[in-house]
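Visitor: For our numbering, add 744 to where a residue sits in the sequence shown, where the first one is 1. Note that beta-carbon positions come from the ideal geometry of N, C-alpha and C, so glycine has one too. Take a look at this one; I'll ask things after.
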Amino acid sequence: MLQSKTKWRSKEITNVEDHWMDDSITLSPIIKELLVQRGIKTGEEARQFLSPDISTLHNAADFDSIEVAADRVRVAIDQHEKILVYGDYDADGVSSTTVMLLALKELGAECDYYIPNRFNEGYGPNEAAFREAKEQGYALIITVDNGIAAVHEAEVAKEIGLDLIITDHHEIQEQLPDAYAIIHPKRSTADIFPELAGVGVAFKFAEYLLGYFPKQFLPFVAIGTIADLVPLVSENRVLAYHGLRALAQTNNVGLQELMRVCNIEGDVSEEDVGFLIGPRINAVGRLQDADLAVQLLMTNDKTEAEEIATEIDQINVKRQQIVNDIVKEAEKMVDPNQEKGVIIVAKEGWNEGVLGIVASKLVRKFDQPAIVLTKKPETSQVKGSARSIPAFDLFKNCMTVRDLFTHFGGHSQAAGMTLPLENLDELQIQLNELIRNELAEEDFKQLLEVSSKVSIQDVNEKLVDEIGKLAPFGMKNPKPIFQLTAIPSELRQIGSTKRHLKLLFKEEGKNVEGIGFGFGELYPHISPNTPVTVVGELGINEWNGNRKPQIVLQDMEIRQWQLFDHRGRKNINLTPYIEHHNANLVVGNPEIGLGGDVQYIQYDAMEVVPDTDALYIYDMPQDLSKLKEIIQKAKPQNIHACYYIENSAFLNALPTREDFKWYYAALLKKKVLDLNSEINVVMNTKGWSKERIYFISEVFFELGFVKIDNGIITVNPKPDKKDLLESSAYQTQLEQAEIEKTLYYSNYNELRNWFNNCMDQVESPKEELSYGL
């Protein structure tokens, strides 16, 4: 067996047609099932989902206070008042800032922007920035992607004569700021989509101000929406869908240069934004002021855009290196043998801008919530970020120990925090107590939702193309995960360091490739001719003009016991197997120590046989029933046949009946045979080995046919008639040959069947023995 790394939860729907309301659209059964899983049950709903239409977007006028806010902006423009766009340092905030600036400039406003420094000012409005804006002559501040919690700052703005318009999408707090106007999707009384990103809200306000649908801003909306991980359904899906298409054809030189350094050509996908564009924009705000990112998106100078894009790319490389360095340090601080709980690591000098990324990597590696903090000796505080596993609500549980924090905020799976250094140990104790009371061992496994099961025959280019119509994928519209069970016809490690695993599944002329990035370490744990169950995303592997359907693995498991055949090999390296399993049991005496956590038993001392994950058989039994008993008691999930034979009873075939007859006749004729001096005569006459002569002599002695004294054989003139099987030596040799035939000289499938019969407690059929003299 091979355990999966994650916990799988099936989303599969049986009897899909019972959920489907009409047949006005033709869809494959798998696509129809995927749509039903998303709550889509009619042809019209399917058409709207598969071909999102801009006309379905809600009217921007439905936002509460949007008219009041727009009137104030128009007054500012008419009276030449300075307007400050107050943004945020992530990709959503940068995109929001760009959209609002472009709209205001198109209207002729005298405007500029301000993004707080992550390290010196933190997130959102701050009093010092507002007072500085007032001194610089600004009369109106418009926040984008922040401000809904700025109660104090709103009071300051009012006090100093600054009008404040808040556009935000974050959770509304108990008290709203006393602002000139608040544009927020969850505050509106009209039936509008509540899950817009910050850039979506800014876009709505820009649309209302401009009086038309500004499709030229859609590329920025796609970037902010996808990068901020808001649900990609309803209006967000429409905006992201059309925004990605607009991004591929954009005239914005900053975006063009950014895509150049990302090596993005042609169509742009949500993965391009999520893994290439978004991280580069975020990198600027993680390591320094985010102004550089806004400058890139706002410039019309191609040379300047090229220089900024290159600099941003270099910043992102530096960010990646910083993350890698911190991850290595943090991983060394985690004891993998310690009882699972909440990981908390802290060190002076860690860059707080990347600690959320580090926490995410720790969660994926150790399957535990992780809090990563940087120590600030000058304030005796620690500050950082946290990420969690699906089964543990980080926000709810941290709120139960809120008194330990100086600042805390977030949601169930992510949070940011500051606390006194002296509270760190107490935080560890209390969170570990909470999580261990709440979760079982199985709950620490990360959850993987499997959309549907497919066969090799199901997987083809047409299906992959159909799945692509469900894009863009994201929150609440995840990329479908499929489950496939088959016996790999080929299995190999690939990559310069053998870190990756490649599989080939074949069935009735159809081939499906499987690629598991980072799965190379599992290669030795997959035995031949074994059905493997893999889960992953379906795609197309395109190479040199050839297109092949493939499944990109996210996890795998083997649901039956496995046999690993090491027969005939000495000094086998079993370390990878021993380290992989929690319980290891060895039968016999290996010539070299195995190390690790291993238990040993012998055939003649097996009163207690523990359950085990892996059974390593080093010594051949004298009695097959003994080995069968061990297997039935140990219930191994994996069996390793590690034995070898130097003197084979099976290959050194038993003497035939004619051999026994000739030797007995020779003894009768000679009466006395001195093996000490005459054995070579017999060897030369018959071509027998010494061992064969000694064996036949021993059998005759046991049967009473001869007497042996110091190597001198004397024939018994009147022996009783006996069968060869009455000789224990003959019987032992016969049984040993049969054991070797079963356990050593059998092929892989024959050996597996024998072990399988042991596990099923089925008696193996015995051949009828008919040897006699």
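#1: Which same chain residues end up closer than 8 Å to Ala1410 when comparing Cβ atoms and leaving out the 5 residues on each side of it in sequence?
#2: Out of curiosity, what's the CA-to-CA distance linking Leu1175 and Arg1146?
#3: Buried or exposed for Phe961, please, with buried defined as at least 16 other CB atoms from any protein chain shown within 10 angstroms of its CB.
#4: Check for me: the alpha helix (DSSP H) holding Gln792 runs from which residue to which?
#5: Go through its chain and collect everything with a Cβ distance to His1324's Cβ below 7 Å, but skip five positions before and after it.
#6: Is there contact between the segment 829-849 and the segment 879-898, where contact requires at least three CB pairs shorter than 8 Å?
#7: Please state whether DSSP places Glu1001 in a helix, a strand or coil.
#8: From the DSSP output, in three-state form, read off Trp1498 for me.
#9: Buried or exposed: where does Leu1163 fall if 16 or more other Cβ atoms within 10 Å of its Cβ makes it buried?
#10: From what residue to what residue does the beta strand (DSSP E) around Val1330 run?
#11: Helix, strand or coil for Thr1476 per DSSP?
#12: Considering only the beta carbon of each residue, do Ile1316 and His1310 sit closer than 7 Å?
#13: When you compare the CB positions of Ala1053 and Leu1002, do they come within less than 7 Å of one another, or not?
#14: With a threshold of 16 other CB atoms inside 10 Å of the CB of Asp1355, please say whether the residue is buried or exposed.
#15: Taking only the alpha-carbon atoms, compute the straight-line gap between Ile1374 and Phe1152 and give it to the nearest angstrom.
#16: Assess contact between the segment 1103-1117 and the segment 1077-1092, defined as three or more Cβ pairs (one per stretch) separated by less than 8 Å. Is contact present?
#17: At 4 residues or longer, what runs of the alpha helix (DSSP H) sit wholly inside the segment 1431-1464?
#18: Are the beta-carbon atoms of Tyr924 and Asp912 separated by less than 7 Å?
#19: Nearest-angstrom Cα distance between Val1450 and Asp1357?
#20: Can you list, in chain order, the residues of its chain whose CB lies under 8 Å from that of Asn1460, leaving out five sequence neighbours each side?
#21: Give the range of the alpha helix (DSSP H) segment to which Arg816 is assigned.
#22: Please classify Gln919 as buried or exposed, where buried requires at least 16 neighbouring CB atoms within 10 angstroms.
#23: Let's see if you can read the secondary structure: which residues bound the alpha helix (DSSP H) around Asn1290?
#24: How about the segment 1014-1028 and the segment 1212-1222: do they share at least three Cβ pairs that are nearer than 8 Å?
#25: Is Tyr1407 helix, strand or coil when you go by DSSP?
#26: In this structure, does DSSP put Gln1174 in helix, strand or coil?
#27: If Asp1079 and Gln1190 are in contact, beta carbons under 8 Å, what's the gap, nearest whole angstrom?
#28: Within 10 Å of its beta-carbon, does Arg1291 have 16 or more other beta-carbons around it, so buried, or fewer, so exposed?
#29: Which same chain residues end up closer than 6 Å to Val895 when comparing Cβ atoms and leaving out the 5 residues on each side of it in sequence?
#30: Does the segment 939-952 come close enough to the segment 832-851 to have 3 or more Cβ pairs within less than 8 Å?
#31: Between which two residues does the alpha helix (DSSP H) harbouring Ala1053 extend?
#32: Using the C-alpha atoms, what's the distance from Arg862 back to Tyr882?
#33: Work out the CA separation of Gln880 and Ile904 for me, nearest whole Å.
#34: Just how far apart, CA to CA, sit Glu761 and Phe1261?
#35: Go to Asp1309, then tell me how far its beta strand (DSSP E) extends in each direction, as first and last residue.
#36: DSSP on Thr994, reduced to helix/strand/coil?
Guide: On the basis of the data shown:
#1: Translated into the one-based positions of the sequence shown, residue 1410 becomes position 666. Here the set comprises Leu1417, Val1426.
#2: Residue 1175 sits at position 431 when you count from the first residue of the sequence shown. Residue 1146 sits at position 402 when you count from the first residue of the sequence shown. Computed Cα separation, rounded: 11 Å.
#3: Position 217 of the sequence shown, counting from 1, holds the residue named residue 961. Result: buried.
#4: Counted from its first residue, the sequence shown places residue 792 at position 48. 787-794 is the span of the alpha helix (DSSP H), which, as asked, contains Gln792.
#5: Taking the first residue of the sequence shown as position 1, residue 1324 is located at position 580. Correct list, in chain order: His1269.
#6: yes
#7: Within the sequence shown, residue 1001 is the residue found at index 257, counting from 1. DSSP places Glu1001 in helix when its eight states are reduced to three.
#8: Numbered from 1 along the sequence shown, position 754 holds the residue referred to as residue 1498. In this structure, Trp1498 counts as helix in the three-state DSSP scheme.
#9: Here residue 1163 refers to the residue found at position 419 when the sequence shown is read from its first residue. Classification for Leu1163: buried.
#10: Here the question's residue 1330 lines up with position 586 in the sequence shown. Looking at the DSSP string, the run of the beta strand (DSSP E) that includes Val1330 is 1328-1331.
#11: On the sequence shown, position 732 is the one that residue 1476 refers to. Correct three-state label for Thr1476: helix.
#12: Residue numbering aside, residue 1316 sits at position 572 when the sequence shown is read from its first letter. Residue numbering aside, residue 1310 sits at position 566 when the sequence shown is read from its first letter. In contact: Ile1316 and His1310 (Cβ atoms closer than 7 Å).
#13: For the purposes of this step, residue 1053 is identified with residue 309 of the sequence shown, where counting begins at 1. For the purposes of this step, residue 1002 is identified with residue 258 of the sequence shown, where counting begins at 1. For Ala1053 and Leu1002, yes; Cβs fall inside 7 Å.
#14: Within the sequence shown, the letter at position 611 stands for residue 1355. Exposed, since its Cβ has fewer than 16 Cβ neighbours within 10 Å.
#15: Translated into the one-based positions of the sequence shown, residue 1374 becomes position 630. Translated into the one-based positions of the sequence shown, residue 1152 becomes position 408. If you take the alpha carbons of Ile1374 and Phe1152, they lie about 56 Å apart.
#16: yes
#17: 1434-1447
#18: Working through the sequence shown from its first residue, we reach residue 924 at position 180. Working through the sequence shown from its first residue, we reach residue 912 at position 168. Against a cut-off of 7 Å, the Cβ pair of Asp912 and Tyr924 comes out as no contact.
#19: Residue numbering aside, residue 1450 sits at position 706 when the sequence shown is read from its first letter. Residue numbering aside, residue 1357 sits at position 613 when the sequence shown is read from its first letter. Roughly 52 Å separates the two Cα atoms.
#20: Reading the sequence shown from its first residue, position 716 is the one you call residue 1460. If we look at Asn1460 and ignore the five residues flanking it on each side, its Cβ neighbours are Gly1448, Phe1449, Val1450, Lys1451.
#21: Along the sequence shown, read from residue 1 onward, the residue named residue 816 stands at position 72. Segment 810-822, the alpha helix (DSSP H) holding Arg816.
#22: Position 175 of the sequence shown, counting from 1, holds the residue named residue 919. By the neighbour-count rule (16 or more Cβ atoms within 10 Å), Gln919 is not buried but exposed.
#23: Translated into the one-based positions of the sequence shown, residue 1290 becomes position 546. Segment 1290-1301 is the beta strand (DSSP E) holding Asn1290; no alpha helix (DSSP H) there.
#24: yes
#25: If you number the sequence shown from 1, residue 1407 lands on position 663. Tyr1407 falls in the helix class under three-state DSSP.
#26: In the sequence shown, counting from the first residue as 1, residue 1174 sits at position 430. Reduced to three states, the DSSP call for Gln1174 is helix.
#27: Locating residue 1079 in the sequence shown gives position 335, where the first residue counts as 1. Locating residue 1190 in the sequence shown gives position 446, where the first residue counts as 1. Not quite, the Cβ-Cβ distance comes to about 20 Å (not below 8 Å), so this is no contact.
#28: Here residue 1291 refers to the residue found at position 547 when the sequence shown is read from its first residue. Arg1291 comes out exposed.
#29: On the sequence shown, residue 895 is found 151 positions in, with the first residue counted as 1. For Val895, where only same-chain residues beyond five positions count, the Cβ hits under 6 Å are Gln919, Pro921.
#30: yes
#31: Counted from its first residue, the sequence shown places residue 1053 at position 309. That run of the alpha helix (DSSP H) goes 1046-1077.
#32: For the purposes of this step, residue 882 is identified with residue 138 of the sequence shown, where counting begins at 1. For the purposes of this step, residue 862 is identified with residue 118 of the sequence shown, where counting begins at 1. Cα to Cα, the separation comes out at about 23 Å.
#33: In the sequence shown, residue 904 corresponds to position 160, counting from 1. In the sequence shown, residue 880 corresponds to position 136, counting from 1. So the alpha carbons of these two residues sit roughly 13 Å apart.
#34: Sequence index remark: in the sequence shown, residue 761 carries index 17 (1-based). Sequence index remark: in the sequence shown, residue 1261 carries index 517 (1-based). Those two C-alpha atoms are separated by around 36 Å.
#35: Here residue 1309 refers to the residue found at position 565 when the sequence shown is read from its first residue. Start and end: 1306-1309.
#36: Position 250 of the sequence shown, counting from 1, holds the residue named residue 994. Coil.
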